[in-house]
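Residue numbers (this note's numbering): 38 to 454.
A short write-up of the structure that comes next.
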């Protein structure tokens, strides 16, 4: 009897210990998964919704186990808490359950065993160069889509501000047609093209404020023989800038004004810089002009990330970084209109997308109700099918931008107790 009691007691203890460690492992793994899930969705989904989903997932994982010994354990999620650091970057999740003993009850051990596990996850966007390409073409404006596009772009930039950590730089290409405003880089055009017969070099008045380089002027398309990656240092761009003179009673009263076509955007491309706290004034300043030129837009996005253009951008912040340097390069394009047939823009678009894949640039495409004929081309440009989003309305558009932000985030477990 003594030997039987000893052997049975050892078996009972071993059985419940195995159950304990099995349950503890499951709760620990669940806590880690929930912490990663919560950290991944911070700022993208409201805290209340994230916490509610996380608790449901934890309950299913702990209470819905298919392992027989767990079923007999009759487990319930008894403790669930989510704590956030002040900046929201660290998420601490605590899960707990009470494990009823089984065979050990024969030895008057009736109390449940409390098992509690805590996991902490950290999330951020770091070491990234991001180009946001937004459709502000006349077609996007007339269809009413441009307002939604700019709202989504503003939300995207605000999330970057909130989540960035370390080196995160953002560039913006507001595109309409083949003319691109690159102010103030006047050295990118032949100096012989730059106007000189204007005040104060000649008598007269001007009706613009500030340097001429800050006014409405663009660069056109270089010869088709010029490779897209050739920098302005090696081959200049044609200048798109017109100035009218209204004769006055005397030469000193002649009035000079900018007459550049509105197909040239009044807002310049924004090169890679730290993400400002509020980009809404920039987006509000954009107006819908020009025929759609998705190819030219993507080409400029490529140039903004190309390390061969570093000396021409003259940013002084090391951007664009070298390919393969550890800096993640990303392009996010929102398009709502199709290229005009016969313009060659489709081919330019395809060629640029192909080069970016070779150089390891991740390309996200958000198709906001473009024509069905554009869909295949846009899907092919995206890095993978997971990097292509189709939005049928403004709500889906904003959600697509939030999902892209999630894709840019790095989430890792930093502690498990």
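Built from N, CA and C at the ideal position, the CB exists for glycine as well.
If you reduce the DSSP assignment to three classes, tell me which class residue i lands in.
i: residue 406; result: coil
i: residue 61; result: helix
i: residue 424; result: helix
i: residue 141; result: Its pLDDT being 49, under 50, residue 141 is placed unreliably by the model, and nothing is read from it.
i: residue 119; result: strand
i: residue 172; result: strand
i: residue 229; result: helix
i: residue 217; result: strand
i: residue 243; result: strand
i: residue 89; result: helix
i: residue 436; result: helix
i: residue 316; result: coil
i: residue 70; result: helix
i: residue 80; result: coil
i: residue 94; result: helix
i: residue 270; result: coil
i: residue 178; result: helix
i: residue 190; result: helix
i: residue 431; result: helix
i: residue 263; result: coil
i: residue 419; result: coil
i: residue 107; result: No answer about residue 107 holds up, because its pLDDT of 47 lies below 50 and its placement is not dependable.
i: residue 237; result: coil
i: residue 224; result: helix
i: residue 19; result: Any property of residue 19 remains undetermined from this structure, which presents the chain solely from 38 to 454.
i: residue 302; result: coil
i: residue 288; result: helix
i: residue 454; result: coil
Based on the DSSP output, what are the partners of residue i in its beta bridges?
i: residue 152; result: 134
i: residue 277; result: 255
i: residue 159; result: 127, 449
i: residue 201; result: 162
i: residue 367; result: 167, 399
i: residue 282; result: 293
i: residue 307; result: 209
i: residue 114; result: 134
Relative to the C-alpha of residue i, which candidate in the options has its C-alpha closest?
i: residue 428; options: 67, 185, 239; result: 185
i: residue 169; options: 179, 126, 158, 192; result: 192
i: residue 260; options: 148, 419, 275, 304; result: 275
i: residue 359; options: 344, 368, 353; result: 344
i: residue 279; options: 151, 253, 437, 351; result: 253
i: residue 216; options: 173, 199, 183; result: 173
i: residue 283; options: 347, 240, 401; result: 240
i: residue 411; options: 420, 433, 378; result: 378
i: residue 272; options: 116, 346, 51; result: 346
i: residue 340; options: 56, 264, 364, 383; result: 264
i: residue 132; options: 189, 200, 60, 171; result: 60
i: residue 351; options: 122, 178, 220, 391; result: 220
i: residue 115; options: 129, 126, 152; result: 152
i: residue 222; options: 357, 305, 202; result: 305
i: residue 202; options: 268, 124, 137; result: 124
i: residue 317; options: 89, 421, 209; result: 209
i: residue 314; options: 294, 200, 258, 414; result: 200
i: residue 425; options: 432, 368, 397; result: 368
i: residue 450; options: 126, 245, 342; result: 126
i: residue 311; options: 356, 269, 277; result: 356
i: residue 289; options: 308, 256, 242; result: 242
i: residue 136; options: 452, 150, 204, 62; result: 150
i: residue 231; options: 62, 249, 281, 218; result: 249
i: residue 348; options: 212, 401, 402, 269; result: 269
i: residue 266; options: 392, 322, 195; result: 392
Report yes or no: is there a C-beta of chain B within less than 9 angstroms of the C-beta of residue i?
i: residue 429; result: Absent from the structure is chain B; it holds one protein chain and no more.
For the 8 angstroms Cβ check, are there 3 or more pairs between the region 406-419 and the region 155-169?
no
Cβ pair count under 8 angstroms reaching 3, the region 367-384 against the region 324-334
yes
Touching by the beta-carbon criterion (3+ pairs, under 8 angstroms), the region 223-233 and the region 379-395
no
Report yes or no: do three or more beta-carbon pairs, one from the region 436-451 and one from the region 73-80, lie closer than 8 angstroms?
yes
Runs of beta strand (DSSP E) lying entirely within the region 322-391, each at least 3 residues, in chain order:
365-372
With three or more beta-carbon pairs closer than 8 angstroms as the criterion, would you say the region 321-328 touches the region 288-304?
yes
Does the region 62-75 come within contact of the region 420-440, defined as at least 3 CB pairs closer than 8 angstroms?
no
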